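The numbering used here numbers the first residue of the sequence shown as 6 and each following residue consecutively.
These notes concern the structure reproduced below.
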Amino acid sequence: MGSKSSQTNDSNRPITVAIGIVLRGNQVLICQRKTDAVLGGYWEFPGGKIEPGETPAQAVIRELKEELDIVVTAGATLPTIEHTYDHGVIRLSPIHCTLTAGEPRAIGCQRFQWVECNRLSEYTFPAANAPLLQLLARASTLHPPV
């Protein structure tokens, strides 16, 4: 990449995204991005851009309803992750969510899947997700399923 400019423009302003970590037993909900989207075909945790005036918790609740037709409650916030791609900077705000109503439907994604946390490495995720994938893998080894 080239040198950074002291001027702020849209290409270097981070896009802040709230993502839901929805657990069911030892499984976590992941979605596959539509093939025509940026990073198309990659797997990700469901969520989306935080709208002006919205908190990360409000955004994740709205996005999971829009993308998967599920109702969640937002819980603990995990550490924020910032990553620079060629197409811009993304800031992920991961939030532990509890599924309270509905079964996921692939509305805003190509498909979804419940995956055991210790098998997430078998799926291709965008680079920004690496710290979160490591955290979930460690947690699954510390608290194996009963």
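Backbone N, C-alpha and C define an ideal beta-carbon position, used for all residues, glycine too.
The model shown is predicted, which means the values in this text are computed figures rather than measured ones.
Nearest to residue i (by Cα), restricted to the options the options
i, options, result
"residue 54", "69, 47, 45", "69"
"residue 110", "34, 132, 64", "34"
"residue 18", "80, 90, 40", "90"
"residue 129", "42, 37, 22", "37"
Sequence-distant residues of the same chain with beta carbon closer than 7 Å to residue i, five excluded per side
i, result
"residue 107", "74, 75, 76"
"residue 79", "62, 65, 66, 100, 102"
"residue 133", "86, 88, 95, 97"
"residue 39", "45, 114, 115"
Sub-8 Å separation of residue i and residue j beta-carbons
i, j, result
"residue 123", "residue 142", "yes"
"residue 99", "residue 50", "yes"
"residue 104", "residue 29", "yes"
"residue 3", "residue 82", "Shown here, the chain extends from 6 to 151; a query on residue 3 therefore has no answer."
"residue 113", "residue 59", "no"
Nearest-angstrom Cβ-Cβ length linking residue i and residue j, presumed shorter than 8 Å
i, j, result
"residue 88", "residue 26", "Not quite, the Cβ-Cβ distance comes to about 17 Å (not below 8 Å), so this is no contact."
Cutoff 6 Å; reference residue i; Cβ partners in own chain excluding five residues on either side
i, result
"residue 24", "50, 52, 97, 99"
"residue 131", "44, 47"
"residue 127", "none"
Close-in-space but distant-in-sequence residues of the same chain around residue i (CB under 8 Å, 5 per side omitted)
i, result
"residue 125", "33, 35, 138, 141, 142"
"residue 144", "122"
"residue 20", "54, 93, 94, 95, 96"
Exercise for review: Could you say if the stretch 112-120 and the stretch 78-97 meet the contact criterion of at least three C-beta pairs nearer than 8 Å?
Suggested key: no
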